[in-house]
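Asks: In our numbering, the protein residues as written are 15 to 249.
Glycine included, every Cβ here is placed at the ideal spot set by N, Cα and C.
I'd like to ask some things about the structure below.
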């Protein structure tokens, strides 16, 4: 049994449609080339896909523009030629009008040249400005709230650190007071010892390291000898 007749209608599935297009395009190009070679004819084929991609075939050694020109001569039709200078002038005019409109709009936003603006436009401008001011105020309040939250978090952190320091000082108060008393007593004891050393003379260049060394007599000193003398008696 032969295959059933396929209904010619648009394929809804995009993938199936793309596969069918690729296969049939290749077959059409092959048949076009065979017809051109076998029958010695000039063929110009142009294909645009659904995505805008162009595919063409032209009988060698002809070019596509030559075949199109031949077609125009035979049919008596001409493709209209666009003057690029006219297109540039139109674009420039359109851009000037758009620039002028934007400048008038900017002057309205800044409060300049309001005399040429009609009442309806002024009312619309007022609504736009109020909407913009509300957005600016909302953003400003949001930033202020964020800064306030940051300051509150910092304040809480400082309070916690202060509380920890207070408890630490409270727990170690006895040790700190003992260290403070020791620091104050040590200079007093040293001063008292120095006063005791100053009351006793000592010999030598070095200062004695104890009170017992103060009575040591150096070897270079000799004791004096005492001699008895008789008194002169007067009769």
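What is the DSSP secondary structure of residue 140, reduced to helix, strand or coil?
Replies: Residue 140 falls in the helix class under three-state DSSP.
Asks: How big is the Cα-Cα spacing for residue 76 and residue 40?
Replies: In a straight line, the C-alpha of residue 76 is about 21 Å away from that of residue 40.
Asks: Given that a residue counts as buried once 16 or more other Cβ atoms are within 10 Å of its Cβ, and exposed if not, what is residue 130?
Replies: The residue is exposed, with fewer than 16 neighbouring Cβ atoms inside 10 Å.
Asks: Consult DSSP for residue 248 and reduce its assignment to one of helix, strand or coil.
Replies: Low per-residue confidence applies at residue 248: pLDDT is 48, beneath 50, and the placement is therefore not dependable enough to give any value.
Asks: Report the three-state DSSP secondary structure of residue 58 (helix, strand or coil).
Replies: Residue state, collapsed to three classes: strand.
Asks: Would you kindly report the start and end of the unbroken beta strand (DSSP E) that includes residue 70?
Replies: Element bounds for residue 70: 68-72.
Asks: Measuring only the C-alpha atoms, how far is residue 57 from residue 103?
Replies: For residue 57 and residue 103, the distance between alpha carbons rounds to 39 Å.
Asks: How do the stretch 42-56 and the stretch 16-30 stand: do at least 3 beta-carbon pairs fall below 8 Å, yes or no?
Replies: Short answer: they don't touch.
Asks: Does DSSP put residue 128 in a helix, in a strand, or in coil?
Replies: The answer is coil: DSSP assigns residue 128 none of H, G, I, E or B.
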